[in-house]
Amino acid sequence: REDGAGAGQSRFRLTLVRGDITEQHVDAVVNAANSSLLGGGGVDGAIHRRGGPAILAECRALRASRYGRGLPTGQAVATTGGNLPARWVIHTVGPVFSAGEDRSALLADCHRNSLRVADELGARSVAFPAVSTGVYGWPLDDAALIALRAVSQTPTSVELLSFVLFDDRALTVFRQAA
Ligand code: ADP
Numbered sequence: 507r508e509d510g511a512g513a514g515q516s517r518f519r520l521t522l523v524r525g526d527i528t529e530q531h532v533d534a535v536v537n538a539a540n541s542s543l544l545g546g547g548g549v550d551g552a553i554h555r556r557g558g559p560a561i562l563a564e565c566r567a568l569r570a571s572r573y574g575r576g577l578p579t580g581q582a583v584a585t586t587g588g589n590l591p592a593r594w595v596i597h598t599v600g601p602v603f604s605a606g607e608d609r610s611a612l613l614a615d616c617h618r619n620s621l622r623v624a625d626e627l628g629a630r631s632v633a634f635p636a637v638s639t640g641v642y643g644w645p646l647d648d649a650a651l652i653a654l655r656a657v658s659q660t661p662t663s664v665e666l667l668s669f670v671l672f673d674d675r676a677l678t679v680f681r682q683a684a
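Residue 507 is where the sequence shown starts when you use this note's numbering, and the numbers rise one by one after that.
Right, dumping it as structure tokens:
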């Protein structure tokens, strides 16, 4: 756990922690979802497993209404947290890494839009995973810089913002980036 890294113009406290996003006692956890909103592997699978069927039911309702074609990359939408300790899940769709095309603006959008949704919910504490760094293949060091820059440049009412990294290597990379 490492506190107090520079948070730029935002006033939140930044925490980098090694752990499981599904175990975080925060107002909202961010899900590294895919655009179907209907579940997947990695963070997404863990959130739906631990959070139970209520989250999936809400995701299906979102697909039947606002997001008939799925949630576009870079956007974010909330459901309740089901059985998770967190009250809400903010689902965001990271871009798949591409060596030939710079998609970093979309990865920054995920963080900006997740914080906007957190503000709309009135969430004071939010935990992010390392979006796009798993199945979507984004190099961890680059993703960490983009994520940390995006959150530090986004005005928000969130007071406690954490990145929850799944292993020691990811934690070390985020610490260096911070
Ligand atoms: P994406 O499809 O956006 O790449 P993934 O869920 O595959 O998302 O992976 C994102 C990151 O989250 C990876 O670094 C992975 O190691 C990590 N991760 C996987 N499961 C968890 C979990 N339960 N809590 C926190 N981080 C996790």
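From the three backbone atoms N, C-alpha and C, an ideal C-beta is built for every residue, glycine too.
Treat the numbers as computed from the prediction; the structure is a model and nothing was measured.
Taking the straight line between their C-alpha atoms, what separation do you get for residue i and residue j?
| i | j | result |
| --- | --- | --- |
| residue 566 | residue 572 | 10 Å |
| residue 621 | residue 652 | 15 Å |
| residue 542 | residue 594 | 19 Å |
| residue 564 | residue 584 | 9 Å |
| residue 671 | residue 680 | 8 Å |
| residue 555 | residue 660 | 31 Å |
| residue 586 | residue 560 | 8 Å |
| residue 658 | residue 633 | 14 Å |
| residue 528 | residue 552 | 7 Å |
| residue 596 | residue 675 | 25 Å |
| residue 639 | residue 624 | 22 Å |
| residue 590 | residue 614 | 26 Å |
Assign residue i to buried or exposed, taking buried as 16 or more other Cβ atoms, counted over all protein chains shown, within 10 Å of its Cβ.
| i | result |
| --- | --- |
| residue 581 | buried |
| residue 618 | buried |
| residue 601 | buried |
| residue 509 | With a pLDDT of 44 at residue 509, under the threshold of 50, the modelled position of that residue is not reliable, and no figure is offered here. |
| residue 550 | buried |
| residue 557 | buried |
| residue 540 | buried |
What whole-angstrom Cβ distance do residue i and residue j have, given they're in contact under 8 Å?
| i | j | result |
| --- | --- | --- |
| residue 532 | residue 605 | Not quite, the Cβ-Cβ distance comes to about 34 Å (not below 8 Å), so this is no contact. |
| residue 669 | residue 629 | Actually they do not touch by this definition, with Cβ atoms about 16 Å apart. |
**Q.** 3-residue-minimum beta strand (DSSP E) runs that sit fully inside the region 573-654, ordered along the chain
**A.** Taken in chain order, the unbroken stretches of beta strand (DSSP E) that lie wholly in the region 573-654 and span 3 residues or more are 582-586, 594-599, 631-634.
**Q.** Complete alpha helix (DSSP H) runs within the region 507-574 (minimum length 4 residues, chain order)
**A.** Here the runs fully enclosed are 548-557, 559-570.
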